[in-house]
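Per the UniProt record's numbering, the sequence shown starts with residue 1, numbered consecutively.
The C-beta atom is built at its ideal place from N, Cα and C for all residues, glycine as well.
In this text, all values refer to a predicted model and were calculated from it rather than measured experimentally.
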Amino acid sequence: MDMMGWSQVSMLKRYRHVIDDMRRDAAQVMGQALWSAPSTPEPDPDPSDTVVELDTLRRRRTW
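(1) Hey, could you find the ends of the alpha helix (DSSP H) R39 is sitting in?
(2) Since R58 is in the alpha helix (DSSP H), which residue starts that stretch and which ends it?
(3) Using the Cα positions of D21 and P43, report the straight-line distance between them to the nearest angstrom.
(4) Taking just the CA atoms, how far does R61 sit from E53?
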């Protein structure tokens, strides 16, 4: 009760169902984060895009 910031028992009785919903939602989110497969795999970078020839780099310079 103190962890939720409630100082009165009436608040606990009134909002007890919310705690169960929060636990269920938190368990579902953690389960998905821990055990689900990634939605889309990360693509590997194309090596030809990362290699720049020195002559090409010199032509790109404008200063």
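Answer, in terms of the structure:
(1) Taking the sequence shown and counting its residues from 1, the one referred to as residue 39 is at position 39. Checking the sequence shown, residue 39 turns out to be Ser, not Arg. No alpha helix (DSSP H) holds S39; DSSP gives it neither H nor E.
(2) Position 58 of the sequence shown, counted from the first residue, corresponds to residue 58. Annotation: the continuous alpha helix (DSSP H) that includes R58 extends over L54 to R60.
(3) As a working note, residue 21 is residue 21 in the sequence shown. As a working note, residue 43 is residue 43 in the sequence shown. Computed Cα separation, rounded: 37 Å.
(4) The residue labelled residue 53 in the question sits at position 53 within the sequence shown. The residue labelled residue 61 in the question sits at position 61 within the sequence shown. Those two C-alpha atoms are separated by around 13 Å.
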